[in-house]
Structures are given as C-alpha cells and as structure tokens.
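Numbering (the working numbering), first residue to last: 1 to 528.
Glycine included, each C-beta is placed from N, C-alpha and C at the ideal position.
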Amino acid sequence: MTIGLTLPPQNLIMFQTRRASFKHRNSHLKPPARTTSNVSTTTVTHKHLSNLDKLLGKKHDHYTNTTHEDSNTLIAPEKKKRKCILKSLNLSRLWTDSKVAAEEVCPLQLNRLQRLLSNSGQYSPRNVLGSRWRQYHGCNDWEGLLDPLDQNLRREMVRYGDFIHAAYHCFNSNPATSADEIPAVRHVELSDKSYKVTKNLYATASVGLPKWVDNVAPDLGWMTQRSSCIGYVAVCDDKREIARMGRRDIVVALRGTATCLEWAENMRDLLVKMPGQSDHQAKTKSNPKVECGFLSLFKTCGAHIPSLSDSVVGEIRRLVEMYKGETLSITITGHSLGAAMALLVADELSTSVPNAPPMAVFSFGGPRVGNRGFTNSLEAKNVKVLRIVNSQDVITKVPGMFVSEGLDKKLRESGACGMLNVLDNNMPWAYSHVGTELRLETKMSPFLKPDADVACCHDLEAYLHLVDGFLSSKCPFRSDAKRSLVKLLDEQNSNVKRLYTNKVKTLSLNPRRELLRMSSVLASPTSS
C-alpha cells in the first residue's frame, strides 16, 4: 500500500516538502533518528500522526485537570498554542455538537459544579465582626454594604436564611397539632450549633363560617381553625460565637405559608387599623394600617395555644431580663408569610419590651404588609429592615395599588405627595414596602434557567443561592460561590439548566443521596 492511495498527489508533494524541512529541526514531531531510508512513506506518516495525537492528547489532559480560583487569570502560552492548533484543524465542521457543549460547559465550570455538589459543608468564612456588628445589624441601613455586597453581610444573611429552613423542617416533620391539648415541645434541628432553641412559636389561622353552619355542624371547627408551628426563638449560647459577633444575638425565625387555612388568611388583604391606636393617631397622616389576614394570624389564639403575639413578646421579655447587662441584639428573620409576620413581630416587640435591644429584620421574598403610615411608624421606632427581593418573584409585588416602588417614589418626588398621602390613608389597597432593599434576579445564576417558574423564583433555597453568589449589580454572580447546589437541584431540578442536570448524571451524582449525607444541611421545605 502506497501513500498515493491515501493522499492526493498535490498533498503528497506538500507533505514531503514539509517533512524535509522538519528533518533538521528540534521538534516534538520529529521521527526517531534511527529511522532508515528504506522505511516506507506510509510508516513515517503514521508516526507523525501518532506523535501529533500524543502531543494534543497530553495538553488536553493538562488543560482539563487544571482548576482556577480566579476567572480573570491569564491564559498560559501552551494553552494559546493548543487553541491555535485546534482552530487551524477546524474540527467544528465534523463535530458541531461537541463544539457547542464545550462552549456551554468548559472544564472550569464542570469543576465548579462538581465542587459545589461534593463540598456540601463549605461556607464563606466567618470573620470577626467586633465593634462593627451594629453596621451589619443595620444601624446605618446597611449603607455601603449592599452594592458591592460585603462578604461578612453575605454570610450573615445566608446564616439567617438557614434558620428559616429549620423552621420549615420543624413544621414538615410533624404538621399535625392536637386541638385538645397543649402541644409538646418540638425539637428544632439547627445547622448553627452555637444557638439553642428556647421556645416554639405557633400561629392560629381562623376562617369564620356563618353562624347557622356552626349550629348545624358544630364539629367542623377543625376545618375553620388550626394552630400550626410557625417558627421558634433561639439565643446564641456559645462564648466564642458571642465574641465573634460582638454581642449575644436573639433570633426569631418564621416560616412561610404551609397550610390551607393560612392560604385562606392570605386572601384577606384589606387594610385594617393597627390595634392600640388613639383617636388622635388615627386622624394624622401617619395612620398605620396592616393587612387583615396577617394581623389575624398574629393575634388569634388557639384552644390551648396563646397567640403568636403573646408568645413571642413573653419569651423575648424573659430572655432580655435573663441576660440583663450584656450586649444584646434581636434579629427577626422570615420567608414569604414569615417575612410579613416578622414585621408585625418587630413592631410589637418595639413597643412591648422595655429597653428593647437593637432590632433588625432580615426578610426573604416578603409581600407588602401595611400602608405608608405603618412604614413610617416602624421606622420611627428605629426598627431596621433589610428586604431581600428577587425581581422575578411576584409575591414581593403584592398586594397593593402600585406594583413598582420606583414609580411611587417618582410620583412623590414630582409633587404628587399630598394626593398619595390621601390615598394611603383612605384606600383599602394602598400598601407600601418597609426598609432597605437588596434586589436579586434569577437570571444572575449561571445554573438556573432565566425563565424559571414562579415557584422557583419564590423558593427560599433559590434565594440563598442567589445571595451566596451575588457580588454587585455590575458583576452579579461570583465564581467562588460556596453554597452547595444539592438542595437546589433536589427542589428545583426542572428549573436548573438542562446542561447541568445532564452533567450531574454524567458525574453519577445523586442530589437526594448527597442531601441525606449532609448532616449540617437540613431537608428542604418542599422535599419533606
């Protein structure tokens, strides 16, 4: 078999010319010196191609196994050379699908995906807050800490989000509550072992039926009123953690909507006057009103269970008295319905707890709760609120007359403030958000679909994923994000880009199995 059978004549001449030029060069492609003149041209060609294959194969392996912490690292000269060789070969015409896959998931992204699925216990570092803890607790409304996002504040927000996960898990592990007896103390599994739970919190949803229904069927009470575990109170009990944070922190964590009656309460969205107001206050422009459904959940008692309002106030008073003389803080955190209730808790504590410590609310995906009068009242009590909002989360835009806070602000600045104040005090849907906003977007994540559904955009784990990755509005997602993707893949698999779910299968990783192995990560609200 001769070379003429495999190469056209014109290519043969060119190949032989190049072979002669390579003969006297010190090259990786140069054939061994012992090759004699009687060796056929076909054999030499095979050796050249074999050496070329080894050379490219070796460099490819080196590139694949190389990891980078900084995506801005300059490309090494040998990688540039390999890129030029591959480009000159123009293999894309032969393997189009392979080229697309390589562009969508480079080895660096694949390594990062594998790290986020395997190093499930990895967190951003906890730095000493010391004398700056009041800034991270919102004394200056988090000025200068949000864009770009301060790494210490990011870690604190994710930590408070995990407290809410524990509240969800506590409910999902045992949703039933006996109406005939006082509920027993529930165990709450905290991922942060430096805190201990001191009290379970319950909220009672009540949907009244016409009186004639109660007379005909008095046994339907279980359908019209139900008390459910909605959260807990915890206090930091570790000396090293207290020293790191600069104070002893008391946490109130509240979950979101979970029962049918709670959903029914959410539909009662007319504004009502806050209890305890004087007639003089009711006539002022700052007339605090809140949503009827939220207030009902907050103030209603069960058959043998006190209201959420009474429970949380009594426990916080006890803890403040117990640790009298120490530097204290109160942090209230909640998701969805829990975010709304957190504002009512903060308002109640600020007026009912003597000498209340600095108080801050960290809310995730919270709806509007009250009118502008309620907003002004809460701010006047020096309650600091940081709202973490996903732009694609519809829950953060309801209820209310104005969908956009930006539009409301522009109208007030344009001279329409007087008319809007009248609407705030008289319209039943004149809602207003409270506090400082950190705005995120599902589109920021390289792992989630940009058109993810409503459930994903409102999901707590998706919120924590976005917070952990957020850098700034100009650079939305950091390459060295620490939070595991296991729970996100388990809960929102259909909203994760198919490219990554396919890679998970290729890597033979099972998110549910990994989730069970993660003792420090709680089961998700939706997977219990």
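Thinking just about the alpha-carbon of each residue, which of the options is nearest to the one in residue i?
{"i": "Asn502", "options": "Phe447, Glu241, Pro275, Gly161", "result": "Phe447"}
{"i": "Asn376", "options": "Phe477, Ser484, His433, Ser178", "result": "His433"}
{"i": "Leu488", "options": "Ala462, Lys397, Phe477", "result": "Ala462"}
{"i": "Phe364", "options": "Leu466, Leu297, Pro354, Pro399", "result": "Leu466"}
{"i": "Gly325", "options": "Ser352, Arg247, Gly370", "result": "Arg247"}
{"i": "Ile395", "options": "Ser352, Ala340, Val353", "result": "Ala340"}
{"i": "Ala258", "options": "Lys273, Asp490, Asn140, Phe171", "result": "Phe171"}
{"i": "Asp490", "options": "Asn140, Asp459, Ser296, Asp393", "result": "Asp459"}
{"i": "Ala342", "options": "Gly144, Leu297, Pro175", "result": "Leu297"}
{"i": "Asp393", "options": "Cys475, Thr442, Ala380", "result": "Thr442"}
{"i": "Gly138", "options": "Gly293, Tyr323, Phe362", "result": "Phe362"}
{"i": "Glu321", "options": "Pro354, Pro175, Gly144, Lys482", "result": "Pro354"}
Ignore the nearest five residues each way along the sequence and tell me which others in residue i's own chain have a CB closer than 7 Å to its CB.
{"i": "Asn200", "result": "Val185, Arg186, Cys229, Tyr232"}
{"i": "Asn495", "result": "Leu448, Lys449, Ala452, Asp453, Cys456"}
{"i": "Leu146", "result": "Leu438"}
{"i": "Pro445", "result": "The amino acid occupying residue 445 in the given sequence is Ser; Pro does not appear at that position. These residues qualify, in order along the chain: His465, Leu466, Gly469, Phe477."}
{"i": "Leu129", "result": "Tyr136, Asn152, Arg244, Met245, Gly246"}
{"i": "Lys289", "result": "Leu271, Val272, Lys273, Met274, Gly370, Asn371, Gly373, Phe374"}
{"i": "Cys301", "result": "Thr204, Ser307"}
{"i": "Tyr323", "result": "Arg248"}
Short of 6 Å in beta carbon distance, which residues of its chain neighbour residue i, apart from the five on each side in sequence? Order them along the chain.
{"i": "Asp162", "result": "Ser191"}
{"i": "Leu464", "result": "Val158, Gly161"}
{"i": "Lys196", "result": "Asp237"}
{"i": "Leu378", "result": "Asp347, Val434"}
{"i": "Ala234", "result": "Tyr195, Val197, Val251"}
{"i": "Thr436", "result": "Asp141, Trp142, Leu386"}
{"i": "Leu337", "result": "Gly256, Thr257"}
{"i": "Ser473", "result": "Asp147"}
{"i": "Ser71", "result": "In this prediction, Ser71 has a pLDDT of 39, which is less than 50 and means its spatial position is unreliable; what the coordinates show is noted afterwards. Same-chain partners within the cutoff: Ser479."}
{"i": "Gly293", "result": "Glu265, Asn266, Arg268"}
Verify whether the separation of the beta carbon atoms of residue i and residue j is less than 8 Å.
{"i": "Lys299", "j": "Ser307", "result": "yes"}
{"i": "Arg126", "j": "Arg155", "result": "yes"}
{"i": "His335", "j": "Gly276", "result": "no"}
{"i": "Leu319", "j": "Asn390", "result": "no"}
{"i": "Ile305", "j": "Thr204", "result": "yes"}
{"i": "Trp142", "j": "Met245", "result": "no"}
{"i": "Leu149", "j": "Leu471", "result": "yes"}
{"i": "Glu315", "j": "Thr177", "result": "no"}
{"i": "Val207", "j": "Leu261", "result": "yes"}
{"i": "Leu173", "j": "Tyr202", "result": "The question names Leu, but residue 173 is Ser in the sequence shown. For Ser173 and Tyr202, no; Cβs fall outside 8 Å."}
{"i": "Ser309", "j": "Glu241", "result": "no"}
{"i": "Ile352", "j": "Val313", "result": "In the sequence as displayed, the identity of residue 352 is Ser instead of Ile. Yes, Cβ-Cβ distance for Ser352 and Val313 is below 8 Å."}
What is the residue span of the alpha helix (DSSP H) that residue i lies within?
{"i": "Cys236", "result": "Segment 225 to 236 is the beta strand (DSSP E) holding Cys236; no alpha helix (DSSP H) there."}
{"i": "Thr375", "result": "372 to 380"}
{"i": "His465", "result": "460 to 469"}
{"i": "Leu319", "result": "308 to 322"}
{"i": "Ile531", "result": "The requested residue 531 is not part of the displayed model; the chain covers only 1 to 528."}
{"i": "Ser191", "result": "Counting along the chain, Ser191 falls outside any alpha helix (DSSP H), and DSSP gives it neither H nor E."}
{"i": "Ser296", "result": "292 to 299"}
Below 8 Å CB to CB, which residues in the same chain sit around residue i once its five sequence neighbours on both sides are set aside?
{"i": "Pro399", "result": "Asp269, Glu291, Pro367, Arg368, Trp429, Tyr431"}
{"i": "Ile182", "result": "His304, Ile305"}
{"i": "Asp61", "result": "Low per-residue confidence applies at Asp61: pLDDT is 42, beneath 50, and the placement is therefore not dependable, though the value from the model is reported in the following sentence. Cβ neighbours of Asp61 beyond the five flanking positions: none."}
Indicate whether at least one CB of chain C lies closer than 8 Å to the CB of residue i.
{"i": "Glu156", "result": "In the structure shown, chain C does not exist; there is a single protein chain."}
Tell me where the beta strand (DSSP E) around residue i begins and ends.
{"i": "Glu326", "result": "Premise fails: Glu326 is in no beta strand (DSSP E) and is neither H nor E."}
{"i": "Asp150", "result": "Asp150 -> no beta strand (DSSP E), and no H or E assigned at all."}
{"i": "Ser529", "result": "Since the first residue shown for the chain is 1 and the last is 528, residue 529 is missing from the structure and cannot be characterised."}
{"i": "Ala205", "result": "195 to 206"}
{"i": "Lys273", "result": "271 to 273"}
{"i": "Arg439", "result": "436 to 440"}
{"i": "Ile388", "result": "384 to 390"}
{"i": "Glu143", "result": "Looking at the DSSP string, Glu143 is not in any beta strand (DSSP E), and its letter there is neither H nor E."}
{"i": "Asp451", "result": "No beta strand (DSSP E) holds Asp451; DSSP gives it neither H nor E."}
Run the proximity test for residue i: is its beta-carbon closer than 7 Å to any non-hydrogen atom belonging to the ligand ATP?
{"i": "Asn140", "result": "The ligand ATP is absent from the structure shown, which contains no ligand whatsoever."}
Segment contact flag, the segment 185 to 196 with the segment 165 to 173, C-beta cutoff 8 Å, min 3 pairs: Taking one beta carbon from each stretch, the segment 185 to 196 and the segment 165 to 173 have 3 or more pairs nearer than 8 Å; the two touch.
contact_flag[the segment 355 to 372, the segment 384 to 403] where n(CB pairs < 8 Å) is 3 or more: Contact holds: three or more Cβ-Cβ distances are below 8 Å.
Validate contact between the segment 325 to 334 and the segment 250 to 257 using beta carbons, cut 8 Å, 3 pairs: At 8 Å Cβ cutoff, the stretches touch.
At least 3 beta-carbon pairs within less than 8 Å: the segment 264 to 273 vs the segment 342 to 352: Verdict: no, contact absent.
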